[in-house]
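Going by the UniProt record's numbering, the sequence shown runs without a break in its numbering and finishes at 53.
Heads up: the structure comes next, in structure tokens.
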Amino acid sequence: MGQANIISDVFIRAASSAKDDSNGTETNVPGWATLNFAVNTEFGNEDQYRIKA
Numbered sequence: 001m002g003q004a005n006i007i008s009d010v011f012i013r014a015a016s017s018a019k020d021d022s023n024g025t026e027t028n029v030p031g032w033a034t035l036n037f038a039v040n041t042e043f044g045n046e047d048q049y050r051i052k053a
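Below, the structure written as structure tokens:
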């Protein structure tokens, strides 16, 4: 069957605070951030199978 390849990735997504007055009323939206982790494994004779989590 061959070997399995394991790939991982860690990344951060973030946005600063923002003001929106497009509807005539000013709205303040707070900033936010997320920490993300992903793992993939590929296997099969030609890496034709993949599992993502």
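From the three backbone atoms N, C-alpha and C, an ideal C-beta is built for every residue, glycine too.
Where residue i falls: helix, strand or coil (DSSP)
{"i": "Asn45", "result": "coil"}
{"i": "Asn28", "result": "strand"}
{"i": "Ala14", "result": "strand"}
{"i": "Ala4", "result": "coil"}
{"i": "Ala53", "result": "coil"}
{"i": "Asp21", "result": "coil"}
Beta-carbon contacts of residue i that lie in its chain and below 6 Å, excluding the five residues immediately before and after
{"i": "Ser16", "result": "Gly31"}
{"i": "Phe37", "result": "Val10"}
{"i": "Leu35", "result": "Ile12"}
{"i": "Ile6", "result": "Thr41"}
Sequence-distant residues of the same chain with beta carbon closer than 8 Å to residue i, five excluded per side
{"i": "Arg27", "result": "Here the sequence assigns Thr to residue 27, which means Arg is not the residue at that position. Cβ within range, chain order: Lys19, Asp20 and Asp21."}
{"i": "Lys52", "result": "Ala38, Val39 and Asn40"}
Cross-strand partners of residue i (DSSP beta bridge)
{"i": "Asn36", "result": "Phe11"}
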